[in-house]
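Novice: Counting in the working numbering, the sequence shown runs from 2 upward without gaps. Virtual Cβ for every residue (Gly too), placed ideally from N, Cα, C. Before we start, here is the structure in question, set down as structure tokens.
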Amino acid sequence: MNSSKENQCPKESLTPKWKEDFPVDVDQDAHIARRDFIRFLFLVSLGLFTGTLGTFWKGLFRSDRKIKPFRILGKEDVEVEGSYVFQLPDAKGPAILVRLGTDEFVAYSQKCTHLQCPVIWRSKESKLYCPCHHGAFNVKTGDVLYGPPDRALPRIHLDFRPDGIYFKSMDPGL
Ligand code: FES
């Protein structure tokens, strides 16, 4: 009869076969995982920091408040109830000037405040209309009349001089 000592397995035999075939140092493995995670966090932070810096930099050099006055057109170059589309400098996009009466002019950014489609002047309905999603704006105030836009059109302030109508300034939002 074998003694109980003889029945006991040797210590090595308690280790499963797969562990012998694929030895993994758990402590080392956890250390590498932590290191990878910290590296990941660092890269994400770096990306966020770079994005913030870019936004700050862009904001610093935004020129929409600095557009110098320029002549848009002569007063008689557009008929009453007519409109005229012109370009704002510094790639600020198109703008629309509408002549509402003999001496009544208004101008706005032509970019719809929904998704920036160009608005068009509909004289018969007396409104600025966006054909993309059927939005409309009050031509006298730029306020939204209906449709998806939730902000008024940014207004352009005009200066009337003897030789024509000039861009003077514009509301923020372009
Ligand atoms: S872009 Fe003008 S309503 Fe959508």
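#1: Give the single residue among ASP91, VAL120, GLU77 and ASP30 whose Cα lies nearest to the Cα of ARG100.
#2: As a quick exercise: from THR114, ASP144, CYS118 and HIS115, pick the residue whose alpha carbon is nearest that of SER127.
#3: Would you report the Cα separation of GLY94 and PHE43, rounded to the nearest angstrom?
#4: Grouping DSSP H, G and I as helix and E and B as strand, with all else coil, what is GLU126?
#5: Answer with buried or exposed for ASN3, where buried requires no fewer than 16 other C-beta atoms within 10 angstroms of its C-beta.
#6: Could you tell me which whole alpha helix (DSSP H) segments of length 4 or greater appear in the stretch 9-56?
#7: Tell me which residues share the same chain as CYS131 and place their Cβ nearer than 6 Å to its Cβ, disregarding the 5 neighbours each side in the sequence.
#8: Check this for me: beta carbons of TRP58 and ILE97, under 8 Å apart or not?
Specialist: Answer, in terms of the structure:
#1: GLU77
#2: ASP144
#3: 38 Å
#4: coil
#5: For ASN3, the predicted model reports a pLDDT of 47, less than 50, meaning its position is unreliable; a value from the coordinates is still stated below. ASN3 is exposed by the Cβ-count criterion.
#6: 18-22
#7: CYS113, CYS118 and VAL120
#8: no
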